[in-house]
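Down below is the structure, laid out as structure tokens.
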Amino acid sequence: MPPFVHAMPVGFADVDHAGIVYYPRFFHFFHQAFEALWRERRGPAAYAELIAQRRLGFPAVRAACDFRSPLRFGDLAEVELRVARLGRTSLTFGYRVVRLGARERALVAEGEVVCAMVDLARFVAVPVPAEVQALLADLVEPST
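Per this note's numbering, the sequence shown starts with residue 887, numbered consecutively.
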């Protein structure tokens, strides 16, 4: 199954003095793709409404990233999002960041973020709602 893909340019604020993307910015890129998924599939306010009105959130409980190649200011990147695991009260998102060139695509980073499904009013884990499961269903990787 194909991933959800979010294309984005690398901005000046994303790079460090060495001229490459500052490593924590990759986690920001991951989250931008996550928000874009909600916008594209449920509308511009859907994610904000989930948090502000329904008081449901996805705080990260674990995050990891492997860096393969530099990404620089002005590069165009695609962030691929998959669901590596859809649990009862947690979700594991897999990400790949690919630099788009005129004639090639280069993998620059691969990451994983484990999120708990949380009732924000009480800050306790809750089951992943059916609507969230439906939103992500086509992105869930088959278990091996």
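In this text, a Cβ means the ideal position worked out from N, Cα and C, and glycines have one as well. All figures in this text were calculated on a predicted structure; none of them were measured in a lab.
Out of curiosity, what's the CA-to-CA distance linking residue i and residue j?
{"i": "V999", "j": "S1029", "result": "17 Å"}
{"i": "A949", "j": "F913", "result": "8 Å"}
{"i": "V1026", "j": "G905", "result": "35 Å"}
{"i": "H903", "j": "F890", "result": "31 Å"}
{"i": "E1017", "j": "R928", "result": "10 Å"}
{"i": "A938", "j": "V1012", "result": "16 Å"}
{"i": "C951", "j": "Q918", "result": "16 Å"}
With a 10 Å radius around its C-beta and 16 neighbouring C-beta atoms as the bar for buried, classify residue i as buried or exposed.
{"i": "M1035", "result": "Beyond the ends of the chain as shown, which are 887 and 1030, falls residue 1035; an answer cannot be given."}
{"i": "V901", "result": "buried"}
{"i": "Y933", "result": "buried"}
{"i": "H892", "result": "buried"}
{"i": "L923", "result": "buried"}
{"i": "V947", "result": "exposed"}
{"i": "L936", "result": "buried"}
{"i": "L957", "result": "buried"}
{"i": "G997", "result": "buried"}
{"i": "A1020", "result": "exposed"}
What residues in its chain sit with their C-beta under 6 Å from that of residue i, if we drop five residues either side in the sequence?
{"i": "F944", "result": "C1001"}
{"i": "V1014", "result": "M1003"}
What do you reckon, are the CB atoms on residue i and residue j nearer than 7 Å?
{"i": "T978", "j": "R968", "result": "no"}
{"i": "E966", "j": "R982", "result": "yes"}
{"i": "V994", "j": "S955", "result": "yes"}
{"i": "F916", "j": "F959", "result": "no"}
{"i": "V896", "j": "D961", "result": "yes"}
{"i": "R941", "j": "A1007", "result": "yes"}
If I follow the unbroken beta strand (DSSP E) through residue i, where does it start and stop?
{"i": "A970", "result": "962–972"}
{"i": "V1012", "result": "Premise fails: V1012 is in no beta strand (DSSP E) and is neither H nor E."}
{"i": "E935", "result": "Per DSSP, E935 belongs to no beta strand (DSSP E); it is in the alpha helix (DSSP H), 932–938."}
{"i": "E1027", "result": "Segment: none, E1027 is in no beta strand (DSSP E) and carries neither H nor E."}
{"i": "E996", "result": "991–1002"}
{"i": "M894", "result": "890–895"}
Quick one: give me the first and last residue of the alpha helix (DSSP H) that residue i is part of.
{"i": "R911", "result": "910–928"}
Return no unless some Cβ of chain B is closer than 7 Å to the Cβ of residue i.
{"i": "E966", "result": "Absent here is chain B; the protein component of the structure consists of one chain."}
Leaving aside the five residues before and after residue i along the sequence, list all residues of the same chain whose C-beta is less than 7 Å from its C-beta, in chain order.
{"i": "R911", "result": "D900"}
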